[in-house]
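Novice: Each residue of the sequence shown is one higher than the one before, counting from 168 in our numbering.
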Amino acid sequence: MPVTRARRIRRAPPAHLGCGVDVVELARFRQVLKRGGRAFLRRVFTDQEEAYARARPRTTVLHLAARFAAKEAVIKAISQLEPTRLLAMKQIEVRNDRLGRPRILLHDGRRKHVAVHVSLSHVDTVAVASAIAIRP
Ligand SMILES: CC(C)(COP(=O)(O)OP(=O)(O)OC[C@H]1O[C@@H](n2cnc3c(N)ncnc32)[C@H](O)[C@@H]1OP(=O)(O)O)[C@@H](O)C(=O)NCCC(=O)NCCS
Numbered sequence: 168m169p170v171t172r173a174r175r176i177r178r179a180p181p182a183h184l185g186c187g188v189d190v191v192e193l194a195r196f197r198q199v200l201k202r203g204g205r206a207f208l209r210r211v212f213t214d215q216e217e218a219y220a221r222a223r224p225r226t227t228v229l230h231l232a233a234r235f236a237a238k239e240a241v242i243k244a245i246s247q248l249e250p251t252r253l254l255a256m257k258q259i260e261v262r263n264d265r266l267g268r269p270r271i272l273l274h275d276g277r278r279k280h281v282a283v284h285v286s287l288s289h290v291d292t293v294a295v296a297s298a299i300a301i302r303p
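#1: Do Leu253 and Val281 have their C-beta atoms within less than 8 Å of each other?
#2: List the whole-angstrom C-beta distance separating His284 from Ile299, where the pair is believed to meet the contact cut-off of C-beta under 8 Å.
#3: Please go through the segment 234 to 272 and give each complete alpha helix (DSSP H) segment of 4 or more residues, from N-terminal end onward.
#4: Measuring alpha carbon to alpha carbon, tell me which of Lys238, Arg262, Gln258, Leu273 ends up nearest Ser297.
#5: Which residues bound the beta strand (DSSP E) around Val199?
#6: For Arg265, which residues in the same chain have their Cβ closer than 6 Å to its Cβ, ignoring the five residues on either side in sequence?
#7: Please report the distance separating the alpha-carbon of Phe196 from that of Ala233.
#8: Which residues in the same chain as Arg277 place their Cβ atom closer than 8 Å to its Cβ, once the five residues preceding and following it in sequence are excluded?
#9: Leu229 to Pro250, Cα distance in whole Å?
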């Protein structure tokens with residue numbers, strides 16, 4: 168890399184935006200659920216997330232897979248802003264508002280100085296999520 172470019176990167180101000188994306192294959196996710204069982208569910212999903220998925224019996228696994236993808240996407244987005252901030256899966260919660268829009272709650276006891284937005288989508292075979300983290 169030319170010296171001038173390296174200097175420019177070193178001097179760059181801290182990022183204000185981070186982005187992340189994740190895709191989950193349903194067939195593999197079903198296997199993970201089967202292998203991990205209740206312990207996996209409890210480690211990854213909040214009670215509210217599980218209740219949301221179970222309230223939709225024909226598509227429960229899709230909603231769980233989408234939430235799993237959302238958590239991974241959020242971890243990627245936040246790590247671009249705060250590389251040392253370590254979040255466990257369960258500390259990232261997807262909560263749908265009354266219009267069905269997914270919102271992210273972070274349960275790590277830190278000041279809310281980063282806003283995170285996600286978008287989810289799923290079909291029979293895959294679930295995807297994208298996330299944007301914003302530091303004002
Ligand atoms: C809300 C809508 C965009 C969801 O799209 P979809 O193709 O049915 O479903 P997807 O798998 O892509 O997305 C589902 C996810 O969208 C998210 N979602 C739901 N409502 C949402 C909204 N109002 N805004 C943003 N995201 C929304 C949810 O996270 C949902 O997943 P979840 O239930 O697991 O949380 C769609 O139902 C809709 O209302 N489209 C408006 C356009 C329309 O009415 N077209 C019909 C005539 S062509």
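Every residue, glycine too, gets a C-beta built ideally from N, C-alpha and C.
Specialist: In terms of the structure at hand:
#1: no
#2: 5 Å
#3: none
#4: Lys238
#5: It is not in any beta strand (DSSP E) - Val199 instead sits in the alpha helix (DSSP H) that spans 193 to 211.
#6: none
#7: 10 Å
#8: Arg252
#9: 30 Å
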